[in-house]
Amino acid sequence: MRRCLVLITLLVCYACGTPQGGPAMAPAPAPPAEAESPALVTWHFLREKYDRDGDGRITSDEYTRSRAGFRRLDADRDEVVSVADFDPRWDGKPRSESRFQYGLGGPEVGDPAPEFELSTTAGKRLSLASLRAERPVALVFGSFT
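Residue 3 in the working numbering sits at position 9 of the sequence shown, and the numbers go up by one each step.
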(Lines of atoms letter the chains of each structure in order from A and count residues from 1; the text may use other names and numbers.)
(Lines give C-alpha, C1' and ligand atoms only; values in the text may rest on other atoms or scores of the structure.)
Protein backbone atom coordinates (compact mmCIF):
# COMPACT_ATOMS: atom_id res chain seq x y z
CA MET A 1 0.00 0.00 0.00
CA ARG A 2 2.81 2.35 0.90
CA ARG A 3 4.60 1.71 -2.42
CA CYS A 4 1.38 2.42 -4.24
CA LEU A 5 1.01 5.82 -2.52
CA VAL A 6 4.60 6.77 -3.30
CA LEU A 7 4.13 5.70 -6.92
CA ILE A 8 0.87 7.68 -7.25
CA THR A 9 2.52 10.75 -5.67
CA LEU A 10 5.43 10.55 -8.09
CA LEU A 11 3.10 10.13 -11.07
CA VAL A 12 0.96 13.11 -10.01
CA CYS A 13 4.09 15.23 -9.51
CA TYR A 14 5.42 14.17 -12.89
CA ALA A 15 2.11 15.01 -14.54
CA CYS A 16 2.10 18.44 -12.92
CA GLY A 17 5.61 19.12 -14.12
CA THR A 18 7.25 19.54 -10.74
CA PRO A 19 10.45 17.66 -9.97
CA GLN A 20 10.14 14.83 -7.42
CA GLY A 21 7.12 16.27 -5.66
CA GLY A 22 8.91 19.46 -4.62
CA PRO A 23 7.52 22.94 -5.10
CA ALA A 24 7.30 24.24 -8.63
CA MET A 25 10.56 25.87 -9.64
CA ALA A 26 10.05 29.42 -10.79
CA PRO A 27 12.63 30.78 -13.17
CA ALA A 28 15.34 32.76 -11.42
CA PRO A 29 14.60 36.47 -11.46
CA ALA A 30 16.71 38.49 -13.81
CA PRO A 31 19.35 40.57 -12.10
CA PRO A 32 18.19 44.15 -11.67
CA ALA A 33 19.17 46.29 -14.60
CA GLU A 34 21.62 48.95 -13.61
CA ALA A 35 20.12 52.39 -13.81
CA GLU A 36 21.49 54.48 -16.63
CA SER A 37 23.70 57.30 -15.56
CA PRO A 38 22.14 60.78 -15.76
CA ALA A 39 24.67 61.61 -18.48
CA LEU A 40 23.45 58.75 -20.69
CA VAL A 41 19.83 59.68 -20.05
CA THR A 42 20.71 63.18 -21.27
CA TRP A 43 22.45 61.75 -24.34
CA HIS A 44 19.44 59.59 -25.26
CA PHE A 45 17.15 62.61 -24.92
CA LEU A 46 19.38 64.80 -27.10
CA ARG A 47 19.87 62.08 -29.73
CA GLU A 48 16.12 61.51 -30.00
CA LYS A 49 15.39 65.22 -30.26
CA TYR A 50 18.21 66.50 -32.49
CA ASP A 51 19.81 63.61 -34.43
CA ARG A 52 17.69 64.07 -37.57
CA ASP A 53 19.63 61.70 -39.81
CA GLY A 54 19.88 58.96 -37.17
CA ASP A 55 23.65 58.49 -37.43
CA GLY A 56 24.22 58.69 -33.67
CA ARG A 57 25.92 62.07 -33.93
CA ILE A 58 24.49 65.57 -33.57
CA THR A 59 26.07 68.22 -35.76
CA SER A 60 25.84 71.95 -35.15
CA ASP A 61 23.38 72.14 -38.08
CA GLU A 62 21.10 69.58 -36.42
CA TYR A 63 21.28 71.25 -33.00
CA THR A 64 18.68 74.01 -33.16
CA ARG A 65 19.63 75.75 -29.93
CA SER A 66 22.51 78.16 -29.34
CA ARG A 67 26.03 77.72 -30.62
CA ALA A 68 27.33 78.19 -27.06
CA GLY A 69 25.07 75.36 -25.90
CA PHE A 70 26.44 73.11 -28.63
CA ARG A 71 30.01 73.90 -27.55
CA ARG A 72 29.15 73.02 -23.93
CA LEU A 73 27.77 69.64 -25.02
CA ASP A 74 30.74 68.87 -27.30
CA ALA A 75 33.11 67.87 -24.48
CA ASP A 76 35.82 66.45 -26.75
CA ARG A 77 35.67 69.41 -29.17
CA ASP A 78 35.35 67.26 -32.30
CA GLU A 79 32.53 69.43 -33.74
CA VAL A 80 29.87 66.74 -33.18
CA VAL A 81 27.97 65.71 -30.07
CA SER A 82 28.03 61.94 -29.62
CA VAL A 83 27.77 59.38 -26.85
CA ALA A 84 31.53 59.81 -26.31
CA ASP A 85 30.82 63.30 -24.97
CA PHE A 86 28.79 61.68 -22.17
CA ASP A 87 31.28 58.93 -21.29
CA PRO A 88 31.49 58.48 -17.50
CA ARG A 89 35.28 58.21 -17.84
CA TRP A 90 35.27 61.76 -19.11
CA ASP A 91 38.27 63.89 -18.08
CA GLY A 92 36.28 66.01 -15.63
CA LYS A 93 36.62 69.36 -17.35
CA PRO A 94 33.45 71.39 -16.86
CA ARG A 95 31.19 71.76 -19.88
CA SER A 96 30.53 75.39 -19.03
CA GLU A 97 32.08 78.09 -16.95
CA SER A 98 30.33 78.65 -13.66
CA ARG A 99 28.73 82.08 -13.59
CA PHE A 100 27.90 81.87 -9.91
CA GLN A 101 30.42 82.33 -7.15
CA TYR A 102 29.84 80.61 -3.85
CA GLY A 103 30.05 82.98 -0.91
CA LEU A 104 30.76 82.45 2.73
CA GLY A 105 27.22 81.34 3.47
CA GLY A 106 24.09 83.10 4.52
CA PRO A 107 22.45 84.04 7.77
CA GLU A 108 21.68 81.41 10.37
CA VAL A 109 18.25 80.87 11.89
CA GLY A 110 17.63 83.64 14.41
CA ASP A 111 20.18 86.09 12.95
CA PRO A 112 18.77 89.62 12.62
CA ALA A 113 18.05 90.64 9.06
CA PRO A 114 20.06 93.52 7.61
CA GLU A 115 18.25 96.82 7.26
CA PHE A 116 16.92 97.53 3.78
CA GLU A 117 14.36 99.71 2.07
CA LEU A 118 12.19 98.93 -0.97
CA SER A 119 9.77 100.79 -3.20
CA THR A 120 6.14 99.70 -3.07
CA THR A 121 3.88 99.45 -6.11
CA ALA A 122 2.22 102.67 -4.90
CA GLY A 123 5.55 104.49 -5.14
CA LYS A 124 6.17 104.74 -1.38
CA ARG A 125 9.34 103.59 0.41
CA LEU A 126 9.04 100.75 2.90
CA SER A 127 11.83 99.83 5.32
CA LEU A 128 12.27 96.64 7.28
CA ALA A 129 12.75 98.61 10.51
CA SER A 130 9.28 100.13 10.13
CA LEU A 131 7.73 96.64 10.28
CA ARG A 132 9.79 95.06 13.06
CA ALA A 133 7.81 96.33 16.04
CA GLU A 134 4.47 96.29 14.23
CA ARG A 135 4.05 92.61 13.25
CA PRO A 136 6.00 89.41 12.63
CA VAL A 137 8.06 89.56 9.47
CA ALA A 138 9.18 86.59 7.37
CA LEU A 139 11.85 87.07 4.73
CA VAL A 140 11.92 84.44 1.99
CA PHE A 141 14.84 84.26 -0.41
CA GLY A 142 15.05 82.26 -3.64
CA SER A 143 17.67 79.73 -4.57
CA PHE A 144 19.50 78.98 -7.81
CA THR A 145 19.82 75.26 -7.06
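Note that the Cβ used here is the ideal one computed from N, Cα and C, for glycine as well.
To the nearest angstrom, report how far apart residue i and residue j are at their CA atoms.
| i | j | result |
| --- | --- | --- |
| residue 33 | residue 133 | 37 Å |
| residue 54 | residue 60 | 9 Å |
| residue 152 | residue 112 | No information on residue 152 is available, as it lies outside the stretch -5 to 139 that the chain covers here. |
| residue 72 | residue 35 | 21 Å |
| residue 62 | residue 81 | 20 Å |
| residue 79 | residue 37 | 9 Å |
| residue 12 | residue 70 | A caution first: residue 12 carries a pLDDT of 48, below 50, which makes its placement in the model too unreliable to give a value. |
| residue 119 | residue 31 | 51 Å |
| residue 114 | residue 102 | 28 Å |
| residue 58 | residue 117 | 43 Å |
Since residue i and residue j should fall inside the 8 Å C-beta cutoff, what is the C-beta to C-beta distance between them, to a whole number of angstroms?
| i | j | result |
| --- | --- | --- |
| residue 127 | residue 109 | With 8 Å as the limit, residue 127 and residue 109 do not qualify as a contact, their Cβ atoms being about 14 Å apart. |
In terms of alpha-carbon separation, which member of the options lies closest to residue i?
| i | options | result |
| --- | --- | --- |
| residue 107 | 117, 113, 36 and 125 | 125 |
| residue 100 | 58, 37 and 136 | 136 |
| residue 131 | 104, 70 and 37 | 104 |
Can you check whether the CB of residue j is closer than 7 Å to the CB of residue i?
| i | j | result |
| --- | --- | --- |
| residue 65 | residue 56 | no |
| residue 75 | residue 68 | yes |
Indicate whether the contact test is met: 3 or more Cβ pairs, each with one atom in the segment 50 to 70 and one in the segment 34 to 41, closer than 8 Å.
yes
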